[in-house]
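Inspection log for the structure reproduced underneath, given as structure tokens.
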Amino acid sequence: LLPFFLLANFYNKVHPPSSLGSSRPLNDPTIFELSPVLPNMPLNAQAIYPASDPEFVAFPSRRSVVHSTKGIVSSSQPLASNCGLRVLQQGGNCADAAVAVAAGLNMTEPGSTGIGGDMFCLFYDAKTKQVHALNGSGRAPGNATCEKVRESLGIKEGEKGTIPMASAHGVTVPGAAAGWVDVVEKFGSGKVSMEQILTPAIELGENGFPVSEIMGYYWSKAEKSIRDASPNFAEMLKKDPNAPDGCRAPKPGEIMRNPTLAQTFREVAKSGKAGYYTGRIAEELVKVVRDLGGFMSLDDLKNHMEKGSEEVDPIKLNFRGQGIDKSHGETMHDKSSEGVDVWEHPPNGQGIVALMALGMLQELEKNGKISTFSDKDHNSAEHIHAVVETLRIAFADANWWVADPNVVKVPSQELISEKYLAERAALFDPKKAGDIPDHGSPAHNHSDTVYFAATDSEGNGISFINSNYAGFGTAIIPKGCGFTLQNRACNFMLQPADHPNIYAPNKRPYHTIIPALITNKADQSLHSVYGVMGGFMQPQGHVQVLMNMLVFKMTPQAALDAPRVCIGAGMPDSGDVFDKTVYLEDGIPEETAEKLRGMGHNVEIIKGHGRGLFGRGQVIRWHVDPIEDRGVWSAGSDPRADGHAVPWM
1 LLPFFLLANF YNKVHPPSSL GSSRPLNDPT IFELSPVLPN MPLNAQAIYP ASDPEFVAFP
61 SRRSVVHSTK GIVSSSQPLA SNCGLRVLQQ GGNCADAAVA VAAGLNMTEP GSTGIGGDMF
121 CLFYDAKTKQ VHALNGSGRA PGNATCEKVR ESLGIKEGEK GTIPMASAHG VTVPGAAAGW
181 VDVVEKFGSG KVSMEQILTP AIELGENGFP VSEIMGYYWS KAEKSIRDAS PNFAEMLKKD
241 PNAPDGCRAP KPGEIMRNPT LAQTFREVAK SGKAGYYTGR IAEELVKVVR DLGGFMSLDD
301 LKNHMEKGSE EVDPIKLNFR GQGIDKSHGE TMHDKSSEGV DVWEHPPNGQ GIVALMALGM
361 LQELEKNGKI STFSDKDHNS AEHIHAVVET LRIAFADANW WVADPNVVKV PSQELISEKY
421 LAERAALFDP KKAGDIPDHG SPAHNHSDTV YFAATDSEGN GISFINSNYA GFGTAIIPKG
481 CGFTLQNRAC NFMLQPADHP NIYAPNKRPY HTIIPALITN KADQSLHSVY GVMGGFMQPQ
541 GHVQVLMNML VFKMTPQAAL DAPRVCIGAG MPDSGDVFDK TVYLEDGIPE ETAEKLRGMG
601 HNVEIIKGHG RGLFGRGQVI RWHVDPIEDR GVWSAGSDPR ADGHAVPWM
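Each residue of the sequence shown is one higher than the last, beginning at 1 in full-length UniProt numbering.
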């Protein structure tokens, strides 16, 4: 909640003192000494807060770091964070809590995520000190070939073509439902049932929940797309007898209900994967996709249920560069000499981009092509130039190589080897923006995903990401199910035929969603669970937030508050990831922008709601109080979203 004086000042702007029948403003403390009830106070039939403007999303956040000895849940929506906290308090661990948060976010932030999308997670097991990775992404329909999709879309021979974002061909088999069940079965405490885990979200859907500020803004922006995409659009809109057809997008502060999604969750709680991938939900999912021209079948859903999510080997890079090994336990708890291991999901996710960029930064420092950055260098032109150029080089490789490793060979270890990174780092020019070969970008750049993190009293941590891909995804809604279907297949290439990420039956596409996790190299103890959602921004955010914490010695909250930079903010296959445009977030000095222009970069400053381009992150760090010899979790939550970190007391 806002402090009272801020709420009162804001109320006075909306309702001047004269409208209250009093000459004193609402924040005059004497008004409460005279009467416990304000005279002539109107019963406001509208939300207190008007639609947000650019000032609402301006720096700084003024948020404090949240601390706890038992555990923390951090997400982009407070109600969803509390769903996870309830599960922790009932005896669940962080994995159980993460699934509760995923369901809560589907209910309260459907314009970013849902059970009609995919998920990935990294789980740190405190007992074994092992990091586990679970790939919960779905595949293309089994009878859908690239040729059939091109023909259906009317793409002529020789034309590159892409799958439109609202097309039924954009729908891959949703992997989130199976992923949620598998997370609980593989990593959960065994002390809480799926019914207990999903009950908080079910209650939100049946009883209603107030819509948050930023989600309300994007819901309103997406209303037309929701209406155009599906005959069942009313399920994702607020019932309003005064609206022309009885429904509309909910506004911030209004109560939204979604009983059909609550029923979907009940079926998953009762029957597990079978409650989603067979029976009523599966039949409605297949029907709406096929009615709109897609190729999905019941067999596709059943096959995914039987295969389940895939437990894969995570990839890692030892990061000791940029002076972190010269600190004295400040960030590494006296384990700094060996640095940290940064963990990411392997392809078909793009986490390898972050590892490649970090590896190249180390090589550049080692070879003297960049200096060791200090606190005063944060977001300087030299710092931004080095980060941007290494990311461009990393994307040039990843956009060719990131594909389904079960279909094509992806040389993940070779791409992050010291020898190869040294070769690629040689392309860097410290004085000017370079020209990097463009292999073609397989993904749109949208920032519509949810990332969240959870930790528990046993020292476990989970880094979890769940996504529709672009906003509400395709916005196609299976009748009576209360969720939209993702458009992840839009990330497939439709030519050339030899591209590793070419569309093919039963194949997973290039995935933008990536969770991250950091362990201390010396003893494999957990350092942080963290992530930044947002299309191509995700690996860029991972690099910047990690450097903010380890290089520039920021707290988790400050690391997220700090202005970020981004490359590649346009449409697919346009080469924009590799042009010289750098998008700077409002708050980076104009002097820095001018220096970057002098180095050959095109620079654009992004303000207001446009700052959603820079993603939304969460961080939970672990440290030990040396006097008490007890562990403490410390968390930050991104000010570009509605959420916060919730501690367990």
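Every residue gets a Cβ at the ideal spot worked out from N, C-alpha and C, and that includes glycine.
Keep in mind that this is a model prediction, so the values were computed, not measured.
Member of the options whose CA lies at the smallest distance from the CA of residue i
i, options, result
"residue 312", "508, 276 and 135", "135"
"residue 640", "607, 546 and 242", "607"
"residue 598", "400, 382 and 554", "382"
"residue 127", "546, 526 and 533", "526"
"residue 266", "205, 241, 256 and 184", "205"
"residue 203", "174, 103, 515 and 278", "103"
"residue 80", "230, 109 and 516", "109"
"residue 538", "519, 567 and 609", "567"
"residue 556", "239, 636 and 246", "636"
"residue 401", "511, 380 and 358", "511"
"residue 471", "404, 223, 581 and 405", "223"
"residue 465", "151, 191 and 517", "517"
"residue 418", "355, 310 and 338", "355"
"residue 167", "200, 225 and 216", "225"
"residue 411", "119, 486, 347 and 216", "347"
"residue 365", "233, 629 and 551", "551"
"residue 629", "69, 65, 64 and 63", "69"
"residue 493", "505, 452 and 613", "505"
"residue 132", "309, 618, 429 and 536", "309"
"residue 254", "214, 625 and 529", "214"
"residue 245", "338, 252 and 237", "237"
"residue 488", "160, 522 and 508", "508"
"residue 479", "67, 93, 98 and 116", "116"
"residue 161", "170, 591, 150 and 171", "150"
"residue 541", "616, 522, 481 and 587", "616"
"residue 77", "86, 107 and 63", "107"
Bridge partner(s) assigned by DSSP for residue i
i, result
"residue 131", "124"
"residue 454", "73 and 462"
"residue 255", "210"
"residue 633", "68 and 622"
"residue 647", "72"
"residue 419", "Beta-bridge pairing links residue 419 to no other residue."
"residue 311", "134"
"residue 319", "340"
"residue 565", "584"
"residue 502", "493"
Residue i - DSSP class collapsed to helix/strand/coil
i, result
"residue 352", "helix"
"residue 118", "strand"
"residue 493", "strand"
"residue 408", "coil"
"residue 393", "helix"
"residue 370", "coil"
"residue 476", "coil"
"residue 26", "Note that residue 26 scores a pLDDT of 30, beneath 50, so its modelled location is shaky; the value from the coordinates is reported in the next line. Note: residue 26 maps to coil in three-state DSSP."
"residue 413", "helix"
"residue 403", "coil"
"residue 359", "helix"
"residue 100", "helix"
"residue 200", "helix"
"residue 425", "helix"
"residue 230", "coil"
Check: residue i C-beta below 7 angstroms from any heavy atom of the ligand SAM
i, result
"residue 397", "Questions concerning the ligand SAM fall outside what the structure shown contains, since it holds no ligand whatsoever."
Buried or exposed (CB count within 10 angstroms, at least 16 for buried), residue i
i, result
"residue 374", "exposed"
"residue 372", "exposed"
"residue 91", "exposed"
"residue 140", "buried"
"residue 182", "buried"
"residue 289", "buried"
"residue 299", "exposed"
"residue 627", "exposed"
"residue 75", "buried"
"residue 561", "buried"
"residue 207", "exposed"
"residue 154", "exposed"
"residue 158", "exposed"
Test: residue i CB closer than 8 angstroms to a CB of chain D
i, result
"residue 266", "As a matter of chain content, chain D is missing from the structure shown, which is built from one protein chain."
* Asked: For the segment 510–555, which segments carrying the alpha helix (DSSP H) assignment without a break, of at least 4 residues, lie completely within its bounds, in sequence order?
  -> Runs of the alpha helix (DSSP H) lying entirely within the segment 510–555, each at least 4 residues long, are 537–550 in chain order.
* Every unbroken alpha helix (DSSP H) inside the segment 573–626 [4 residues or more] -> Runs of the alpha helix (DSSP H) inside the segment 573–626: 590–598.
* To do: Enumerate, from N- to C-terminal direction, the unbroken alpha helix (DSSP H) stretches of 4 or more residues contained entirely within the segment 232–295.
  => Counting only runs of 4 or more, we get 259–271, 274–277 and 279–291.
* To do: Identify every run of the alpha helix (DSSP H) within the segment 162–197, keeping only runs that are complete inside it and at least 4 residues long; order them along the chain.
  => Taking only runs of at least 4 residues, the alpha helix (DSSP H) segments lying wholly in the segment 162–197 are 176–187.
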